[in-house]
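This report concerns only the one structure given below.
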Amino acid sequence: MIVVNDIHKSFGKVRALRGVSFDAPDGKITGLLGPNGAGKSTTLRILYTVLKPDRGAAAIDGIDVVSHGLQAREKIGALPHGAGLYPHLTARENIAYYATLCGIDKAKVEHRVDEIVDLLEISDFAERRTKGFSQGQRTKVALARALVHDPQNIILDEPSNGLDVMATRSLRRLILKLKDDGRCVLFSSHVMQEVAALCDDIVIIANGKVAIDDSADGIRNRTGCDDLEDAFVAAIEKVEPE
Amino acid sequence: MRIFLSVFAKELLDNFRDRRTLASALIMGPLFGPMLFAFVINLSIERSLSSADQTLDLPVIGQQYAPNLMRYLESSNIKVVDGPEDRDAAIAAVKAGRLDVVVLITERFGEQLRDGLPARIEVFADHANSQAERDARRARRALGGYSQELAAMRLVVRGVSPLVLRPINVDDVDVSTPSGRSAIVLGMMSYFFIFAMLMGGMYLAIDTTAGERERGSLEPLLALPVTRAQLMLGKIAATCVFMAVSLMLSLWSFFVALKFMPLQQLGMTPNFGPGVVIAAFFVLAPFVLLGASLMTLVASFTKSYKAAQTWLSVVLIAPTLPIMIVSILTLRPQIEFMFVPSLSQHLLLVDMIKNEPVNMLHVAISVTSTLAIGTIVTWICARLYRREGLLG
Numbered sequence: 004m005i006v007v008n009d010i011h012k013s014f015g016k017v018r019a020l021r022g023v024s025f026d027a028p029d030g031k032i033t034g035l036l037g038p039n040g041a042g043k044s045t046t047l048r049i050l051y052t053v054l055k056p057d058r059g060a061a062a063i064d065g066i067d068v069v070s071h072g073l074q075a076r077e078k079i080g081a082l083p084h085g086a087g088l089y090p091h092l093t094a095r096e097n098i099a100y101y102a103t104l105c106g107i108d109k110a111k112v113e114h115r116v117d118e119i120v121d122l123l124e125i126s127d128f129a130e131r132r133t134k135g136f137s138q139g140q141r142t143k144v145a146l147a148r149a150l151v152h153d154p155q156n157i158i159l160d161e162p163s164n165g166l167d168v169m170a171t172r173s174l175r176r177l178i179l180k181l182k183d184d185g186r187c188v189l190f191s192s193h194v195m196q197e198v199a200a201l202c203d204d205i206v207i208i209a210n211g212k213v214a215i216d217d218s219a220d221g222i223r224n225r226t227g228c229d230d231l232e233d234a235f236v237a238a239i240e241k242v243e244p245e
Numbered sequence: 007m008r009i010f011l012s013v014f015a016k017e018l019l020d021n022f023r024d025r026r027t028l029a030s031a032l033i034m035g036p037l038f039g040p041m042l043f044a045f046v047i048n049l050s051i052e053r054s055l056s057s058a059d060q061t062l063d064l065p066v067i068g069q070q071y072a073p074n075l076m077r078y079l080e081s082s083n084i085k086v087v088d089g090p091e092d093r094d095a096a097i098a099a100v101k102a103g104r105l106d107v108v109v110l111i112t113e114r115f116g117e118q119l120r121d122g123l124p125a126r127i128e129v130f131a132d133h134a135n136s137q138a139e140r141d142a143r144r145a146r147r148a149l150g151g152y153s154q155e156l157a158a159m160r161l162v163v164r165g166v167s168p169l170v171l172r173p174i175n176v177d178d179v180d181v182s183t184p185s186g187r188s189a190i191v192l193g194m195m196s197y198f199f200i201f202a203m204l205m206g207g208m209y210l211a212i213d214t215t216a217g218e219r220e221r222g223s224l225e226p227l228l229a230l231p232v233t234r235a236q237l238m239l240g241k242i243a244a245t246c247v248f249m250a251v252s253l254m255l256s257l258w259s260f261f262v263a264l265k266f267m268p269l270q271q272l273g274m275t276p277n278f279g280p281g282v283v284i285a286a287f288f289v290l291a292p293f294v295l296l297g298a299s300l301m302t303l304v305a306s307f308t309k310s311y312k313a314a315q316t317w318l319s320v321v322l323i324a325p326t327l328p329i330m331i332v333s334i335l336t337l338r339p340q341i342e343f344m345f346v347p348s349l350s351q352h353l354l355l356v357d358m359i360k361n362e363p364v365n366m367l368h369v370a371i372s373v374t375s376t377l378a379i380g381t382i383v384t385w386i387c388a389r390l391y392r393r394e395g396l397l398g
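In structure tokens:
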């Protein structure tokens, strides 16, 4: 369960977030949708605690991300945008490294890595060094790494970027599976169709503000557009720029 | 502690598999440096040894005016050859470096000698050219010898003992030891060790900061439930290990290289046996922490791998500064110097090579102050690792 309450963030003169609030409940997939530069990544970065908000608060399972960053991170599996692997380590070693850092017992690491390798269907290339992996392979390993400590909340920043159809499909299956396990999945995208196909709730942000926060049908009704893409455009146009 | 160890172990494994890191840590610094040093020293020793007993070809203009002088020169292992036509041609040839030294005897030479006036001889040489200067010095010494011989003969003719010209006999007694003399040549060696040490950790320092960021692996790492200080310290520790291995290898390779340097021929016997190698390691080792944290600090400020490389090459040069200043001013080890990292290591190492008793208080100050500064820089690193700008 992720709760975001009125967060603000500026980088110098650029006001990236101007009061963003939304909830991402357990057992549901929440999509963060918005044009490039809308503040999606900044919001997610604050949630996985690499950035601190200037104002406002956010909590993961009730733990404040600013005052208790370490404890909050224990509840999160994060896949940052363009996450990189260690090219000289094999996929399995990459995952095992994160497992040990997350405090999994040495004796149990191998077993846990086996489980996650099966879950993400990456056993074909798990023993290879990650140098020269395709984008799809890299994303899967990075995701496996993020899920290795079995987090309740999963934050994915544009996970489908650069993936082909097959890879996107298997990613979708995985996200749905995580939802069925009762986890809270929050992911960002700028692709309307993808969000519509997966998400229970859609949070559209533009210019650092929440334009609309509803289900796909709710957004259609409230904007009066049958086509989701038109609805998206209509919603972001309502947000006044700075 | 477990997290620190995991980071440490992973960085070792990761970088051990990276050929570039490995090459710079285990080959570039430790082997290249001493080999270059040995080569240069060998070359300069050979040159200085050979030129003393080699016949010097000396171009002389106006040989016909001083036949006796020519015979004298031949007897002191100098072969007189024909020089350029005139004074201007001689100056031009020396200036252009075609000739190292030219001697000019004027037609009035014989006349001046006969009249008992100081006879004039000109020696053209380029004082800025050290090789040419060596030849010129030999020519001048031979001419001076001839002058003294003539003076002695004139006195004898007048019935005076030539000894009146030598009221004082100066005897120069050299008290330096063969080990002490070797410090002249091997003084800069300490910098090679520090350089090799820094080279060993350089790519690690970049990889664990700017490299991680450029690869995009830093952000997911920071999103893990670990503190940044734990990550930072694990990385610095791994850098330290690579640097220490580099240092060990370069000391050992120097030990081997010295065996191939004919320093004994110059009357130098560096005190650099296995015992000194081990002692030198412990004297230099405290610099590892400082070097690792300093490089990590600098690399974490840079935006990219390339920029980090550029800035770190500045860090590679920085430790030479105090060594250079003290070498130029030829200052003796003092207690204040022991507080300065790199300088204190250099002075202690020179003392060891000279086979002079090493002041244990100096060692204690050097080790403590270098470790203390290293700890402070590490702490600053850990502080800065917490800032948001780290992600670039």
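If you read the sequences in order, they're chains G and L. For the first sequence, position 136 (counting from the first letter as 1) is numbered 139 according to this note's numbering, and the numbering increases by one without interruption. For the second sequence, position 297 (counting from the first letter as 1) is numbered 303 according to this note's numbering, and the numbering increases by one without interruption. We put the CB at the ideal spot given by N, CA and C, even for glycine.
Beta-carbon gap between residue i and residue j smaller than 8 Å
i      : j      : result
S188/L : T275/L : yes
L296/L : I379/L : yes
A94/G  : F128/G : yes
L192/L : I359/L : yes
M208/L : L290/L : no
S306/L : C387/L : yes
C187/G : P28/G  : yes
L73/G  : P292/L : no
V6/G   : A61/G  : yes
N48/L  : M267/L : yes
S13/G  : D64/G  : no
L36/G  : S192/G : yes
D9/G   : H84/G  : no
T46/G  : L20/G  : yes
G273/L : P184/L : yes
Residue i versus residue j: straight-line alpha-carbon distance, rounded
i      : j      : result
H368/L : D180/L : 28 Å
S137/G : L88/G  : 12 Å
M194/L : V356/L : 9 Å
V162/L : R140/L : 33 Å
R104/L : R147/L : 22 Å
G59/G  : I205/G : 21 Å
I114/L : S50/L  : It is Arg, not Ile, that sits at residue 114/L in the sequence shown. The alpha-carbon atoms of R114/L and S50/L are separated by roughly 41 Å.
A244/L : L11/L  : 10 Å
A145/L : L64/L  : 8 Å
S44/G  : G211/G : 11 Å
L179/G : E225/L : 25 Å
D92/L  : F45/L  : 41 Å
Q70/L  : M76/L  : 9 Å
L166/G : M249/L : 41 Å
E220/L : G227/G : 44 Å
L337/L : A98/L  : 42 Å
Residue range of the unbroken beta strand (DSSP E) whose run includes residue i
i      : result
D357/L : No beta strand (DSSP E) contains D357/L, which is instead part of the alpha helix (DSSP H) from L349 to K360.
R146/L : First-last for R146/L: S136 to V163, but that is the alpha helix (DSSP H), not the beta strand (DSSP E).
H11/G  : I5 to F14
A190/G : A small correction: the amino acid at residue 190/G is Phe; Ala does not occupy that position in the sequence shown. From DSSP, the beta strand (DSSP E) with F190/G extends over C187 to S192.
P328/L : No beta strand (DSSP E) holds P328/L; the alpha helix (DSSP H) holding it covers T326 to L335.
F25/G  : V17 to A27
A291/L : Here A291/L belongs to no beta strand (DSSP E), and DSSP marks it neither H nor E.
A209/G : D204 to A209
F130/L : I127 to A131
K85/L  : I84 to D88
A62/G  : R58 to I63
Start and end residues, alpha helix (DSSP H) containing residue i
i      : result
F235/G : L231 to E240
K109/G : K109 to L122
P73/L  : P73 to S81
K312/L : Y311 to I323
I174/L : Taken as a continuous stretch (DSSP letters only), I174/L belongs to no alpha helix (DSSP H), as it is neither H nor E.
N97/G  : A94 to L104
R225/G : A219 to T226
L64/L  : Not the alpha helix (DSSP H): L64/L falls in the beta strand (DSSP E), residues L62 to I67.
T381/L : M366 to Y391
Please specify which runs of the alpha helix (DSSP H), each continuous and at least 4 residues long, are wholly inside the region 213-268 of chain L, giving them in chain order. 218-221, 224-228 and 234-264
According to a CB-to-CB cut-off of less than 7 Å, which residues of the region 210-240 of chain L neighbour chain G? R221, G222, S223, E225, P226, L228, A229, L230, P231, V232 and T233
Within 7 Å of chain L by C-beta, residues of the region 165-186 of chain G in sequence order: Under the 7 Å Cβ criterion, the region 165-186 of chain G contributes no residue.
Tell me which residues of the region 56-77 of chain G have at least one Cβ-Cβ distance to chain L shorter than 8 Å, keeping chain order. L73, Q74, R76 and E77
Taking any Cβ of chain L, which residues in the region 77-93 of chain G have a Cβ under 9 Å from it, in chain order? Result list: E77, K78, I79, G80, A81, L82, P83, H84, G85, A86, G87, L88, Y89, P90, H91 and L92.
When you check each C-beta in the region 13-26 of chain L against every C-beta of chain G, which residues fall closer than 9 Å? V13, A15, K16, L19, D20, N21, F22, R23 and D24
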